[in-house]
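Here is the structure we will look at.
Protein chains in written order, with the numbering used here: chain A, 61 to 859; chain B, 6 to 345.
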């Protein structure tokens with residue numbers, strides 16, 4: 061809410077500086093977004109009268125002007141503008157002056173002749189046609205009226221003012237008005253608040269004889285007041301009113317329109333003026349629009365309406381979008397003679413919905429959306445009529461049509477003062493509370509310890525002691541709140557097991573040289589195509605945002621891989637040679653589509669890496685480390701993820717858990733290309749629930765260290781090329797499980813000296829018994845058993 | 006014979022002194038003290054001596070042997086020490102050459118900041134809880150005293166997934182969930198991811214992170230709120246930092262305040278960082294609205310409480326002087342590697 065300091069001064073005596081006022085208002089709950097001292101936008105720009113114009117002897121397009129700027133003697137200014145004339149009053153930027161466009165003007169020479177300043181165009185003074193007539197004319201701004209040369213241009217342009225932009229919180233719609241702000245200013249400055257008291261005379265004739273008003277939908281329009289004014293005398297508004305309207309960034313039109321705008325700005329209550337001749341059937345009907353009804357609003361735009369929207373209609377059809385904008389047909393015209401004035405309360409959510417649906421936002425709708433006070437409706441109407449009389453804009457008819465279903469009764473709260481202090485933890489003296497509340501128009505009396513507060517209707521937000529406590533404290537000053545240690549029972553702060561386990565996981569991965577990343581939880585559905593997921597793949601069952609920022613961020617992710625690949629691609633494209641990354645995130649898996657209940661949020665971790673030292677097995681090593689840390693025993697088996705290399709991927713499954721605990725592999729070249737990755741990259745995705753479950757089952761019990769020495773035997777076998785190494789190892793272990801302690805693979809070889817279709821696999825075996833030193837015979841026996849078992853799967857000792 | 010022995014001794018000691026290494030030393034030992042060595046050879050001739058001479062010469066011979074043995078041992082020590090010295094000298098490294106590095110992994114700056122906060126609040130007795138990111142309208146708004154079509158909903162542009170389903174706009178959604186199944190005393194923080202339909206720019210992200218705090222007990226006052234936040238602020242911004250309450254509005258707290266801290270860049274005098282104000286807004290807080298308590302089955306006449314919401318992304322960007330919030334979500338390795 062932008063408010064002019066000069067306008068505020070009409071209602072409250074402001075003796076402090078604008079800066080101090082802003083500080084005080086900020087600390088009472090009205091944060092100042094911006095303070096613009098208009099007088100600082102320019103200096104040393106004066107009114108000048110052009111006395112004489114001569115051609116520049118050395119330049120065709122320049123004119124040499126002698127200008128009276130109020131000094132002892134005229135000064136010489138050279139201009140290129142052609143619209144100047146002798147006798148004209150123009151703005152002159154004198155030597156060492158500053159303009160609002162940032163220019164610093166100094167004395168200088170133009171084609172050999174001195175120029176003691178510059179005459180300004182409207183543009184150079186940052187003026188628009190609406191700020192000053194002629195401001196957008198090409199050339200120098202020619203001033204209107206009869207100013208004395210030397211007058212400061214700030215006076216001419218009404219710039220001796222400060223505009224303060226207050227941020228109005230949504231619980232204080234009453235302060236979307238100059239009066240509302242002025243009341244708060246008066247309270248923080250401890251000054252009187254002078255609220256205008258409307259009075260006016262009527263001039264015969266009764267509105268009831270020429271108009272009827274029917275409210276069909278009181279649920280959307282709890283109050284509607286109409287008054288009539290005849291014999292309009294439409295003209296310009298006086299300067300003071302124009303200044304006020306301009307200070308709020310609006311444009312003065314004529315006295316009638318200006319009065320409705322002024323009253324809206326002053327009281328926060330929007331009004332609407334109808335040309336009475338255009339109200340067909342002389343009746344106003346406040347009703348929901350019929351589906352398909354149309355209206356052309358003041359801005360010339362046609363709209364098709366539906367039955368959710370409230371309109372002000374006459375006997376023929378809609379003439380106004382309630383609370384948003386009037387119709388083109390019934391606006392005030394220069395020849396309007398009779399005026400129907402509307403002042404009403406419309407339900408805020410109705411106005412909000414309609415305005416949104418039609419894509420309109422006006423000063424009026426903005427105030428209705430925030431909520432207007434039902435009692436303020438009649439005050440605003442009276443204030444408007446007072447101004448009509450004051451500006452001699454017409455003859456006010458007798459009578460008022462006030463349609464409502466009863467006005468809410470005054471609310472009275474009774475609250476023990478002690479309970480307010482108990483919530484705050486400070487001791488605000490009771491008289492101070494009473495003084496503050498009364499200043500805020502909350503009429504308060506005290507009996508014993510009990511405060512009796514009459515809540516004004518514009519303070520809907522005050523419902524109980526907490527609200528009163530806030531009112532007291534924000535004025536009394538929050539600096540009185542002193543910091544104390546939290547009282548109450550001492551409790552131990554606990555983390556959920558999932559959080560502890562997640563921390564364990566993150567730290568473990570960080571120890572594997574991995575960096576944690578953070579990406580958005582919503583992705584583009586195109587990412588699922590890039591992953592080459594089958595049409596039937598369950599990960600295509602995504603929760604879709606109804607109002608996404610764009611397709612790019614429109615579905616909740618059901619996997620983390622695509623986000624990881626995007627990040628790998630970014631790093632690759634920036635020529636970063638190697639990365640290891642992980643992300644812990646949630647998968648959003650809907651129970652049904654479209655979603656009617658919250659989807660399952662499944663915690664998962666994604667690993668991603670690339671670089672000259674990385675391959676499938678570095679990734680597998682990390683996955684194994686994670687599984688080991690969490691106590692998960694599972695076999696790596698071939699998997700069939702479409703986004704992974706068909707021959708370089710694996711998964712780990714656990715009984716009792718549907719999804720794989722881990723899927724890992726090299727990224728499929730087609731997927732990599734789709735994400736813009738030029739090199740081999742490796743990704744894994746792990747579900748955290750089974751990891752955490754396994755960890756919680758883990759019990760660490762000390763195992764005694766071996767007392768007897770181990771024997772080491774090496775073993776090389778020739779196996780079929782397709783024989784999985786894991787099967788060989790399993791066979792070795794199970795053949796002599798009682799004494800095989802360790803099976804260490806140290807070589808896999810194919811090539812010369814190895815028959816076609818075979819591979820040589822070499823192990824170092826550690827054999828040990830827990831209760832004795834193994835004899836050579838025992839070891840030989842075990843090796844024989846192992847070889848026999850290997851032979852059964854066609855793996856023969858290499859000679 | 007005595008002269009012979011003296012001669013051997015003299016020769017041997019000389020050779021030992023000049024002996025260059027352990028191998029040569031061993032040769033000398035064999036030469037003089039070995040079974041076929043010179044000293045042994047002399048001693049073999051002892052038989053030819055008279056009975057009177059024998060013990061005298063024998064003693065001299067033993068003395069010579071002992072002297073030589075000691076000299077060999079001594080020389081051996083010397084040579085060993087020298088050899089070690091030589092080896093160590095030869096093994097000298099250019100220690101300015103780079104180490105065999107194993108890349109340092111690490112957590113995302115947001116995680117680091119979040120963990121710091123968790124530690125602070127956990128040590129003050131706060132439980133750390135979690136809540137769903139896809140929330141119902143009820144927990145995100147209704148239960149927090151924001152009825153449908155309330156203008157306060159305009160404060161936050163919400164992503165909707167369905168009629169009553171949305172991406173939580175605030176971790177405050179965890180308040181009602183906590184209070185519904187727990188009676189006071191309650192002290193909890195809920196860190197997590199939140200969403201608002203803000204277009205992406207240097208200071209806005211549609212995905213960001215908050216940490217909600219909630220304390221409910223008998224006799225909790227605004228002074229407790231200030232005490233709690235002051236502790237946190239002193240941990241994060243340093244013990245000199247001042248805390249200021251400024252009136253504000255949130256539907257689920259009453260009274261509501263914005264919490265400002267004195268600008269660390271200028272100490273409160275006003276500078277570019279704080280835009281001349283001397284204060285920086287860091288979080289919103291307030292006393293839990295009685296209606297929120299009552300809605301969760303906690304009697305506001307008996308209990309009171311406070312709540313606060315900290316923006317983690319903002320805290321992270323200010324702590325590390327990160328100029329653009331988008332860097333947090335871009336995950337350039339060169340960015341991530343700066344945080345350990």
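Idealized CB from N, CA, C, for every residue including glycine. Treat the numbers as computed from the prediction; the structure is a model and nothing was measured.
Here's the rule: buried if 16 or more other CB atoms are within 10 angstroms of the residue's CB, otherwise exposed. What is residue i?
i	result
residue 50 of chain B	exposed
residue 88 of chain A	buried
residue 82 of chain B	exposed
residue 57 of chain B	exposed
residue 138 of chain B	buried
residue 590 of chain A	buried
residue 481 of chain A	buried
residue 582 of chain A	buried
residue 254 of chain A	exposed
residue 145 of chain A	exposed
residue 298 of chain B	buried
Could you say which of the options lies nearest to residue i if we only look at CA atoms?
i	options	result
residue 308 of chain A	A/528, A/221, A/633, A/731	A/221
residue 842 of chain A	A/787, A/342, A/513, A/775	A/775
residue 537 of chain A	A/174, A/147, A/331, A/248	A/248
residue 244 of chain B	B/63, B/266, B/77	B/266
residue 176 of chain A	A/321, A/104, A/716, A/81	A/104
residue 257 of chain A	A/127, A/446, A/180	A/446
residue 118 of chain B	B/334, B/336, B/323	B/323
residue 805 of chain A	A/656, A/824, A/134	A/824
residue 386 of chain A	A/361, A/267, A/251	A/361
residue 934 of chain A	A/496, A/457, A/569	Within the shown structure, residues of chain A are numbered from 61 to 859, placing residue 934 of chain A beyond reach of any answer.
residue 293 of chain A	A/403, A/283, A/452	A/452
residue 332 of chain B	B/206, B/125, B/249	B/206
residue 177 of chain B	B/63, B/147, B/209	B/147
With distances taken between CB atoms, is the gap from residue i to residue j smaller than 7 Å?
i	j	result
residue 339 of chain A	residue 273 of chain A	no
residue 43 of chain A	residue 390 of chain A	Chain A is shown only over 61 to 859; residue 43 of chain A falls outside these bounds and no answer can be derived.
residue 118 of chain A	residue 171 of chain A	yes
residue 406 of chain A	residue 383 of chain A	yes
residue 713 of chain A	residue 720 of chain A	yes
residue 303 of chain A	residue 190 of chain A	no
residue 238 of chain A	residue 63 of chain A	yes
residue 858 of chain A	residue 778 of chain A	yes
residue 826 of chain A	residue 808 of chain A	no
residue 290 of chain B	residue 219 of chain B	no
residue 132 of chain A	residue 109 of chain A	no
residue 353 of chain A	residue 365 of chain A	yes
Anything in chain E within Cβ reach of residue i, meaning under 9 Å, just list it in chain order.
i	result
residue 235 of chain B	Checking the listed chains, one finds no chain E in this structure; the protein chains it contains are A and B.
Interface positions of the region 535 to 564 of chain A facing chain B (Cβ-Cβ less than 8 Å), listed along the chain: 538, 539, 541, 542, 543, 544, 545, 546, 547, 548, 549, 550, 551, 552, 553, 554, 555, 556, 558, 559, 563
Between the region 647 to 665 of chain A and chain B, which residues of the former have CB atoms less than 8 Å from a CB of the latter, in chain order? Listed in sequence order: 648, 654, 655, 656, 657, 658, 659, 661.
In chain order, what are the residue ranges of uninterrupted alpha helix (DSSP H) at least 4 long that sit wholly in the region 260 to 328 of chain A? 267 to 270, 299 to 307, 315 to 327
Let me know the alpha helix (DSSP H) ranges lying completely inside the region 26 to 89 of chain B, each 4 residues or longer, listed in chain order. 27 to 38, 43 to 49
Which of the residues in the region 96 to 112 of chain A, read from start to end, lie with their CB under 7 Å from any CB of chain B? none
Listed in chain order, which residues of the region 489 to 507 of chain A have Cβ atoms closer than 9 Å to some Cβ of chain B? Of all residues in the region 489 to 507 of chain A, none has a Cβ within less than 9 Å of some Cβ in chain B.
Members of the region 219 to 237 of chain A near chain B, C-beta cut-off 8 Å: 229, 230, 231, 232, 233
Could you pull out every unbroken alpha helix (DSSP H) segment of at least 4 residues lying fully inside the region 184 to 241 of chain A, listed in chain order? As far as the region 184 to 241 of chain A is concerned, its whole alpha helix (DSSP H) runs of at least 4 residues are 213 to 216.
Return the chain-ordered ranges of every beta strand (DSSP E) run that is complete within the region 511 to 566 of chain A and spans a minimum of 3 residues. Considered as a whole, the region 511 to 566 of chain A harbours no complete run of any beta strand (DSSP E) with no fewer than 3 residues.
Starting from the N-terminal side, write out each stretch of the alpha helix (DSSP H) that is 4 residues or longer and does not extend beyond the region 258 to 314 of chain B. 295 to 300
Segments assigned alpha helix (DSSP H), at least 4 residues, entirely inside the region 403 to 451 of chain A: Runs found: 408 to 418, 423 to 430, 436 to 450.
Taking a Cβ distance cut-off of 7 Å, strictly less, list which residues of the region 162 to 174 of chain B are near chain A, in chain order. 164, 165, 166, 167, 170
What residue ranges within the region 100 to 162 of chain B form continuous beta strand (DSSP E) runs of no fewer than 3 residues, ordered along the chain? Inside the region 100 to 162 of chain B, DSSP marks whole beta strand (DSSP E) runs of 3 or more residues at positions 139 to 141, from first to last along the chain.
Give the residues from the region 79 to 111 of chain B that approach chain A closer than 8 Å (Cβ to any Cβ), ordered along the chain. 107, 108, 109, 110, 111
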